[in-house]
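As given, the protein sequences belong to chains Y and R, one line each in that order. Counting along the first sequence from 1, when you hit position 16 you're at 16 in this note's numbering, and nothing is skipped either side. All you need for this note's numbering is the position in the second sequence, starting with 1, plus 296. Glycine residues also receive a C-beta, built at the ideal position from the N, C-alpha and C atoms.
There are 2 protein chains.
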Amino acid sequence: MDQEQGERPAAPLRIRLDFGYDGTDFSGWAAQPGLRTVEGTLSAALTTILRAEQPVRLTVAGRTDAGVHARGQVAHFDPDPTAWAALPGRSTRTPAEAALSRLRGILPADIGMRAVAVAADGFDARFAALQRRYLYRLADRPELVDPLRRRETVVTKRALDVESMHAAAQELLGLNDFGAFCKRRAGATTVRTLLDYSWRRAEDGTLEATVVADAFCHSMVRSLVGAVVPVGEGRKGVHWPAEVMRAAVRDAAVVVMPPHGLSLEEVVYPDDAGLAVRARESRVRRTLDRSEPPSA
Amino acid sequence: MDQEQGERPAAPLRIRLDFGYDGTDFSGWAAQPGLRTVEGTLSAALTTILRAEQPVRLTVAGRTDAGVHARGQVAHFDPDPTAWAALPGRSTRTPAEAALSRLRGILPADIGMRAVAVAADGFDARFAALQRRYLYRLADRPELVDPLRRRETVVTKRALDVESMHAAAQELLGLNDFGAFCKRRAGATTVRTLLDYSWRRAEDGTLEATVVADAFCHSMVRSLVGAVVPVGEGRKGVHWPAEVMRAAVRDAAVVVMPPHGLSLEEVVYPDDAGLAVRARESRVRRTLDRSEPPSA
Chain Y
1 MDQEQGERPA APLRIRLDFG YDGTDFSGWA AQPGLRTVEG TLSAALTTIL RAEQPVRLTV
61 AGRTDAGVHA RGQVAHFDPD PTAWAALPGR STRTPAEAAL SRLRGILPAD IGMRAVAVAA
121 DGFDARFAAL QRRYLYRLAD RPELVDPLRR RETVVTKRAL DVESMHAAAQ ELLGLNDFGA
181 FCKRRAGATT VRTLLDYSWR RAEDGTLEAT VVADAFCHSM VRSLVGAVVP VGEGRKGVHW
241 PAEVMRAAVR DAAVVVMPPH GLSLEEVVYP DDAGLAVRAR ESRVRRTLDR SEPPSA
Chain R
297 MDQEQGERPA APLRIRLDFG YDGTDFSGWA AQPGLRTVEG TLSAALTTIL RAEQPVRLTV
357 AGRTDAGVHA RGQVAHFDPD PTAWAALPGR STRTPAEAAL SRLRGILPAD IGMRAVAVAA
417 DGFDARFAAL QRRYLYRLAD RPELVDPLRR RETVVTKRAL DVESMHAAAQ ELLGLNDFGA
477 FCKRRAGATT VRTLLDYSWR RAEDGTLEAT VVADAFCHSM VRSLVGAVVP VGEGRKGVHW
537 PAEVMRAAVR DAAVVVMPPH GLSLEEVVYP DDAGLAVRAR ESRVRRTLDR SEPPSA
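Below, the structure is given as structure tokens:
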């Protein structure tokens, strides 16, 4: 009896959602009263299909700002197991299959639900994430803008030299204090590991940045882009962004670029065996840091 | 005196426009009273900047249907030379530069003007065109649809075998009567030369068709796609589309696919020396044929 009572409670049912969205018509991820947000829209849809009495609460990998897009967003929620099991009704589908089908039926066209699955033990969309990968799209001539991709392409006033932008970006890699590129939040760390920051000219002539880090502080990707654009224009030297970074205080010369060029492309998690360990580690580290949630 | 009067009049001023559009919110290219069309919108913008008394009339390379997109559309118009010369005002820009800048200022975001130029002698956007290239995008699983590209991606109900679709498409190449794939118009020829019709699975997992011909009859690309989709589904054999074609009469079993998967990507013209010759040839041939204008 004692032994049985001392056992850990069974792991709660946790559901992983993989999805994308066109951020154009959303006021960002985070639910806000009276505004159309991705979290609010998705939570309402889940609450409907689960017939939940309380709004379903979601935990997300990357809290995107208003206008920012996502192709590889991940979130989780913990449904009431009875409501979850009831989802297929009389059909032979699994609850996850039924949820995917019904979510696709009621979500608006600017949210694309890719997958619904029972999460592996220890999975946490936010704390188990190892890496987040963002993409930023720039056109340095207006004729490069494909009208069909105008919602995800930012036009610059001047022509850009992609080689010098890429060179400047390389100097920012590694474990650094990115305070110069972050909107400060009280008590939040701005130390991050920038794993990749590459610029290339894509086949269609636009400039694409790939930015990968363990996590991002607020407005960090858009500031990292804003820091190298003056280099590409020839107005700043190739070492300038690294100098700004070393000062570690927010620099008014760094422009926070517009949101609509930005998209969260991918969130990387450990395999199932590593998940439980990673979730525990992250929680401890973040608590010590009093860190804000990762966002862009 | 006689000699001077007998001389050909100076070639009229002809302007070439290169542009693209997101066809989602347009009722196609051709101007129609009370509807928002690409031609109507573009003509109104040109009429405004040229302060013309009569609406500017445009000739287009590919008359796209409602919902069809374009990345490489070409049109021409013949402005009053005095109004054209007045475009730069007191600036040092050329009239073409001034026109491009002012058009970009007043055109809506779903039309992207790439270039404005004085056309080479003999240029005709419609009759001088050698080839038109279209793209059609399909997703055979809903999770493949990037929410940012949902306006240009058609979702099929079943999984598709791209190899058999490509094989079926190869049997349609060459000079053929495409009457089976055209909406008939009285007195119009349906003989066309299909130069390329290829299917491939793109990097993002969607299926892309490239379709190139000298010209297209009405609904031809969307019917060519509709003819091979049942092959990809396994419902029809790989030779079925060619059999349908050989019957040369419109076949109800061929579905005209939705417009929003289609985009006019490129129009190919001869070099400047070849232009005048080509324009003369095309005009004669079309007149003999009593052919309808090329469209998709």
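Using 8 Å as the Cβ pair cut-off and three pairs as the minimum, do the stretch 253-269 of chain Y and the stretch 62-77 of chain Y touch? yes
Straight-line CA distance for Ser519(R) to Asp124(Y)? 47 Å
Sequence-distant residues of the same chain with beta carbon closer than 7 Å to Glu266(Y), five excluded per side: Gly72, Arg133
So with CB distances below 8 Å, who are the chain Y contacts of Ile402(R)? Ordered by position in chain Y, no residue passes the 8 Å Cβ test against Ile402(R), which lies about 14 Å from the chain.
I'd like to know whether the C-beta atoms of Gly179(Y) and Thr190(Y) end up nearer to each other than 8 Å. yes
Cβ of Pro95(Y) within 8 Å of any chain R Cβ: no
Between Ile407(R) and chain Y, is there a C-beta pair that is closer than 8 Å? yes
Any beta carbon from chain Y within less than 8 Å of Arg447(R)'s own beta carbon? yes
Alpha carbon to alpha carbon, what distance is there between Ala326(R) and Glu300(R)? With a pLDDT of 44 at Glu300(R), under the threshold of 50, the predicted position of this residue should be treated as unreliable, though the coordinate-derived value follows. Approximately 40 Å, taken between the alpha carbons.
So for Arg185(Y), helix, strand or coil by DSSP? coil
Got a sec, what are the start and stop residues for the alpha helix (DSSP H) Trp325(R) sits in? Run containing Trp325(R): none; DSSP gives neither H nor E here.
Any C-beta of chain Y under 8 Å from that of Glu527(R): Contrary to the premise, residue 527(R) reads as Val rather than Glu in this sequence. By this cut-off, Val527(R) is not an interface position.
At the level of alpha carbons, what is the spacing between Ile345(R) and Pro375(R)? 11 Å
Distance, Arg422(R) Cα to Ala572(R) Cα: 13 Å
Are the C-beta of Ala61(Y) and some C-beta of chain R separated by less than 8 Å? no
Length-filtered (3 minimum) beta strand (DSSP E) runs lying within the stretch 213-271 of chain Y: 262-268
Under 8 Å between C-beta atoms, does Gly316(R) make it to chain Y? yes
Give the single residue among Met245(Y), Leu87(Y), Ala253(Y), Val74(Y) whose Cα lies nearest to the Cα of Ala52(Y). Leu87(Y)
List, in order along the chain, the chain Y residues whose C-beta lies closer than 7 Å to that of Pro438(R)? Arg104
Whole-angstrom distance between Ala435(R) and Glu451(R), CA atom to CA atom: The sequence shown places Val at residue 451(R), not Glu. If I take the Cα positions, the gap works out to 5 Å.
Determine whether the Cβ of Leu195(Y) lies closer than 8 Å to any Cβ atom of chain R. no
What residues match up with Ser198(Y) in a beta bridge as DSSP calls it? Thr210(Y)
Kindly indicate the opening and closing residues of the alpha helix (DSSP H) around Leu103(Y). 95-106
I'd like to know if Glu292(Y) contacts chain R, where contact means its C-beta is closer than 8 Å to some C-beta of that chain. Residue confidence for Glu292(Y) is low, a pLDDT of 49 falling below 50, so the modelled location carries little weight; the figure read from the coordinates is stated next. It does not: the Cβ of Glu292(Y) has no partner Cβ on chain R nearer than 8 Å.
Bridge partners for Arg429(R) per DSSP, in chain order? Val508(R), Glu562(R)
With 8 Å as the threshold, decide whether the Cβ of Leu262(Y) is near any Cβ in chain R. no
So, for Gly28(Y): in the same chain, excluding its five sequence neighbours on each side, which residues have a beta-carbon less than 8 Å away from its beta-carbon? Thr37, Val38, Arg63, Thr64, Asp65, Ala66, Gly67, Val68
Status (buried if at least 16 other CB within 10 Å, exposed otherwise) for Gly20(Y): buried
Pick from His372(R), Ala569(R), Gln466(R): whose alpha carbon is nearest that of Ser339(R)? His372(R)
At 8 Å on the CB atoms, spell out the chain R contacts of Arg222(Y), in chain order. Those within 8 Å of Arg222(Y) in chain R number zero; the least Cβ separation is about 18 Å.
Assign Ile106(Y) to buried or exposed, taking buried as 16 or more other Cβ atoms, counted over all protein chains shown, within 10 Å of its Cβ. exposed
Could you tell me whether the Cβ of His372(R) comes closer than 8 Å to any Cβ of chain Y? no
Interface residues of the stretch 232-258 of chain Y facing chain R [CB-CB below 9 Å]: none
Extent of the continuous alpha helix (DSSP H) to which Ala169(Y) belongs: 162-170
Whose Cβ in chain Y lies nearer than 8 Å to the Cβ of Leu444(R)? Gly20, Asp22, His69, Arg71, Arg149, Arg151, Glu152, Ser263
What three-state label does DSSP hand Arg576(R) in the structure shown? helix
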